[in-house]
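These protein sequence lines map, in sequence, to chains S and E. Read in the working numbering, the first sequence has 113 at position 113, and its numbers run on one by one without any break. Position in the second sequence counted from 1, then plus 1000, gives you the working numbering. C-beta atoms are modelled at their ideal positions from N, C-alpha and C, and glycine is treated no differently. Fair warning: this is a prediction, and the values are worked out from it, not measured in the lab.
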Amino acid sequence: MKLFRVIMGIAVFGFLVLTGCSPSIQKTPLSNTYTDDIGRTVQITGIPQRIISLSPSNTEMVYALGLQDRLVGVTSYDDYPLDAKNKPIVSDYSTVDLEKIVAAKPDLVLADSIQKNDTIPALEKLGITVYTMSPDNMDGILSEIKVIGQITGKTQEADKLVSNLMGRIKAVNDKTAKFTDSQKPRVLFVTWYDPIWTAGNDTMIQYLIDTAGGVNIAVDLKGYTTITLESAIQRNPQVIIVMSSMGDNHTSLNYINSNDQFKATDAVKNGQVYEIDADIFGRTTPRIVDGLETLAKLFHPELFK
Amino acid sequence: MKNQQSDKKSVKESNGSGIQKNALESSLYSSHRLLLIISVIGLLAACTIIALLALTVGSVAIPFKTVWQVLISHLPFVHLQSNWSSTTDMIITGIRLPRILLAGAVGTALSTAGATYQGLFRNPLADPYLIGVAQGAALGAVAGFVLPWTFGGNYLIPIMAFAGAVIAVTIVYLIARVGKTLPMTTLILAGVAIGSLMMSVTAYLTMISADKVQGILSWLMGNFANSNWDQLKIISPYIVVGVAVIFIFARPLNVMQLDEEQAQQLGINVERTKIILLAAATLITAVAVCFVGTIGFVGIIVPHIVRLIWGPDHRLLLPLSAITGAILLILADTASRTLMSPSEIPVGVITAFIGAPFFLFLLRRTKKAVF
């Protein structure tokens, strides 16, 4: 063992001399290997102290674990919590400013899976540690919280957050589980109105509608997709949930409410058309549980007060 | 002397053949007229049958008989015992019928405009979007999506698209005008340049508004998903007037196929005709795209199909393109709303998918020069 250390020591020393560094770092920090959401193996040495987030969801996650003081770069779309707007911007949603990222000297960049073909390889080439985080369901969010907690040395906070979220999900589920399908409202979820885009099976929205005690009328469709106007109306939704979009002045909501064709649905007849915040329902963050509670209240106002 | 005689003889001969040619032409005209009437009636009948059949299919299965009963019950003075729900009635008369009529109107506008542009530019590659209509409309629409404007409510996008199209073509026209004339080559070049400029701005605006990409892409690919009677009421007067104006100019357009100078000598006010035809074709194109987005292929393919079957005479080409365009777009839209039902396929994808192979089939079958 001693011999091994000596050899390693010589090897490390030799390496540092060869690469021109002075051998001033002496402690060998803890190193762990993780597999991220796009299947990359990420080795993280030590506890990251300078974190950059490349998506609004990741930024929310960082704040949820109380890591904001370590956050040294965000995207221009990050708006929650409000404090994120005070952080240095290193990227907008589609183009990442590599120079700014390098200048911020991060020891961990939290990327999004949409960046896997351009930004992530570029950052890897620059020798920057990148962990990709794009959960697409509730279990994914919960396990991601734990992983980030582990990486950043916030395991206790992560466990606390996860058990809190699981408790709130269970509270909703306990109340809605007793309903049969005919006792649940038929729900149309609209992410855009022209043509009507909705959320089918295998989506976070489907999970939320189901858990909140509703029946998604587009459950036979897969993923986010369009639905013909006549099918949407034929399936006669009792509740229509419309996703707001940034600065779009409730166009989708106004369309559903003012359109003659939708007047044939129970939802419009009974005034059950609601707009919800796209940032809560479109991002996969701990806030999605707020969204779950919002939906449950809309579907079963008598149970959730 | 001998020479003179033979000269005279040859003059006589050529005179004779001239008369013969005139007689031939006039008989061609009358046979053309008959052909026109028969073809128009035949195509209109086909169009009506296709439209009525399209009414009976959709993502919601409604029995054939019920569809007819619902339709008949809406005729004046007819009172039928209704054994169908109000939803069924809404689907047939409130969703499918305006959608089919809108598809027909847009198909008519795009094909007529395409045939007009191809004739004006004497270029088989001309389509309704050649001189910046589509790019202008797209920029207007995308600006409507991205900018925080609120006027017009749900009409914001159509208003912006229409304004964008008209402004784009006006700029192109002003740039291309040389003195009092409008050289067609300059017009195409100016159209291409302004078009690319607008495309780049559109692309940038799309890129920076990630949360609206869904709506923007749907508009750019074109769809009839949200058709309703109000849209039809707004656009059809423009299309009727624009198409009628173009039909009136079918003969001058024929003559202009020779050469602009020759046409001028034959008594046609070439510059005025060009401007009227450009304005009419631009107007109907702008109106066609403003609600349903930029649907490709119809405007370029349909006139070629008609030319391959009925020949290049604009008096046949224009009206027959108008009806064929309606048929093609009604078919394409029916496919778009039924193939993947209850989801939709953008109609632009379908028009390319059925339009291109059919055109190639015709091209190979006739094996003659098209233009």
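Any chain S beta carbon closer than 7 Å to residue i
{"i": "GLN1069/E", "result": "no"}
{"i": "ASN1223/E", "result": "yes"}
{"i": "SER1343/E", "result": "yes"}
{"i": "VAL1298/E", "result": "no"}
{"i": "VAL1292/E", "result": "no"}
{"i": "VAL1060/E", "result": "yes"}
{"i": "ILE1100/E", "result": "no"}
{"i": "MET1090/E", "result": "yes"}
{"i": "GLY1094/E", "result": "yes"}
Test: residue i CB closer than 7 Å to a CB of chain E
{"i": "GLN261/S", "result": "yes"}
{"i": "PRO185/S", "result": "no"}
{"i": "ASP37/S", "result": "no"}
{"i": "LEU229/S", "result": "yes"}
{"i": "PRO237/S", "result": "no"}
{"i": "THR198/S", "result": "no"}
{"i": "TYR255/S", "result": "yes"}
{"i": "ASP194/S", "result": "yes"}
{"i": "THR225/S", "result": "yes"}
{"i": "ASN249/S", "result": "yes"}
{"i": "GLN156/S", "result": "no"}
{"i": "SER24/S", "result": "Low local confidence applies: a pLDDT of 43 at SER24/S is under 50, so the model's placement there is unreliable, and no value is given."}
{"i": "GLY291/S", "result": "no"}
{"i": "GLN115/S", "result": "no"}
{"i": "GLN206/S", "result": "no"}
{"i": "GLN43/S", "result": "no"}
{"i": "GLN234/S", "result": "yes"}
{"i": "LYS27/S", "result": "Reliability of the predicted coordinates at LYS27/S is poor, the pLDDT of 47 falling under 50, and no value is obtained from them."}
{"i": "CYS21/S", "result": "Note that CYS21/S scores a pLDDT of 45, beneath 50, so its modelled location is shaky and nothing firm can be said."}
Residue from the options with nearest C-alpha to residue i
{"i": "ILE128/S", "options": "VAL268/S, SER258/S, SER53/S, GLY140/S", "result": "SER53/S"}
{"i": "ASP1112/E", "options": "ILE1305/E, LEU1139/E, MET1221/E", "result": "According to the sequence provided, residue 1112/E is Thr. The question's Asp does not apply to it. For THR1112/E, the nearest C-alpha among the options comes from ILE1305/E."}
{"i": "THR75/S", "options": "PRO301/S, LEU110/S, ALA103/S, VAL42/S", "result": "LEU110/S"}
{"i": "ASP139/S", "options": "MET166/S, PHE304/S, ASN173/S", "result": "MET166/S"}
{"i": "THR1186/E", "options": "ALA1176/E, LYS1180/E, VAL1192/E, ILE1194/E", "result": "ALA1176/E"}
{"i": "PHE1353/E", "options": "ILE1295/E, ARG1365/E, LEU1318/E", "result": "ILE1295/E"}
{"i": "GLY1267/E", "options": "VAL1133/E, LYS1233/E, ILE1350/E, ARG1251/E", "result": "ARG1251/E"}
{"i": "VAL242/S", "options": "ILE280/S, THR132/S, TYR63/S", "result": "ILE280/S"}
{"i": "VAL1146/E", "options": "LYS297/S, THR251/S, ASN257/S", "result": "THR251/S"}
{"i": "ALA1168/E", "options": "THR1181/E, MET1199/E, LYS1180/E, ARG1099/E", "result": "MET1199/E"}
{"i": "LEU1278/E", "options": "PHE1361/E, VAL1243/E, PHE1291/E", "result": "VAL1243/E"}
{"i": "VAL1178/E", "options": "GLU1271/E, PHE1359/E, VAL1349/E", "result": "GLU1271/E"}
Beta-bridge partners of residue i, as assigned by DSSP
{"i": "VAL74/S", "result": "ILE89/S"}
{"i": "ASN32/S", "result": "ILE44/S"}
{"i": "TRP324/S", "result": "Given that chain S is displayed from residue 1 to residue 305, the structure contains no residue 324/S and the question cannot be resolved."}
{"i": "TYR274/S", "result": "ILE241/S"}
{"i": "SER53/S", "result": "LEU110/S"}
{"i": "THR1181/E", "result": "VAL1178/E"}
{"i": "GLY186/S", "result": "It should be pointed out that residue 186/S corresponds to Arg in this sequence rather than to Gly. ARG186/S pairs with VAL215/S."}
{"i": "VAL96/S", "result": "SER91/S"}
{"i": "LYS222/S", "result": "ASN201/S"}
{"i": "VAL130/S", "result": "VAL109/S"}
Compile a chain-ordered list of the residues in the stretch 264–278 of chain S whose CB is closer than 9 Å to at least one CB of chain E. ALA264, THR265, ALA278
Cβ contact check for the stretch 184–198 of chain S and the stretch 220–230 of chain S: 3 or more pairs under 8 Å: yes
Using a Cβ-Cβ cut-off of less than 7 Å, list which residues of the stretch 1138–1160 of chain E approach chain S; keep chain order. PRO1148, THR1150, GLY1153, ASN1154
Which of the residues in the stretch 1189–1217 of chain E, read from start to end, lie with their CB under 9 Å from any CB of chain S? MET1207, ILE1208, SER1209, ALA1210, ASP1211, LYS1212, GLN1214, GLY1215
Counting pairs of beta carbons, one from the stretch 271–278 of chain S and one from the stretch 208–221 of chain S, are three or more of them closer than 8 Å? no
Can you list, in chain order, the residues of the stretch 1075–1086 of chain E whose Cβ is nearer than 8 Å to any Cβ on chain S? SER1086
contact_flag[the stretch 1212–1229 of chain E, the stretch 1178–1197 of chain E] where n(CB pairs < 8 Å) is 3 or more: no
Listed in chain order, which residues of the stretch 1245–1268 of chain E have Cβ atoms closer than 8 Å to some Cβ of chain S? none
Touching or not, the stretch 143–161 of chain S and the stretch 177–196 of chain S, by the rule of three or more beta carbon pairs under 8 Å? no
Is the stretch 1146–1164 of chain E in contact with the stretch 1332–1345 of chain E, if contact means three or more CB pairs nearer than 8 Å? no
Scan the stretch 1103–1128 of chain E for residues whose Cβ lies nearer than 8 Å to a Cβ of chain S and list them as they occur along the chain. none
Which residues, taken in chain order from the stretch 1327–1360 of chain E, show a beta carbon closer than 7 Å to some beta carbon of chain S? ARG1337, SER1341, PRO1342, SER1343, GLU1344
Okay, do the stretch 1320–1330 of chain E and the stretch 1126–1141 of chain E touch, 3+ Cβ pairs below 8 Å being the bar? no
Contact between the stretch 174–193 of chain S and the stretch 92–102 of chain S: three or more CB pairs below 8 Å? no
Between the stretch 1161–1168 of chain E and the stretch 1129–1147 of chain E, are three or more C-beta pairs nearer than 8 Å? yes
May I ask you to verify whether the stretch 1196–1212 of chain E touches the stretch 1308–1322 of chain E, counting CB pairs closer than 8 Å and requiring at least 3? no
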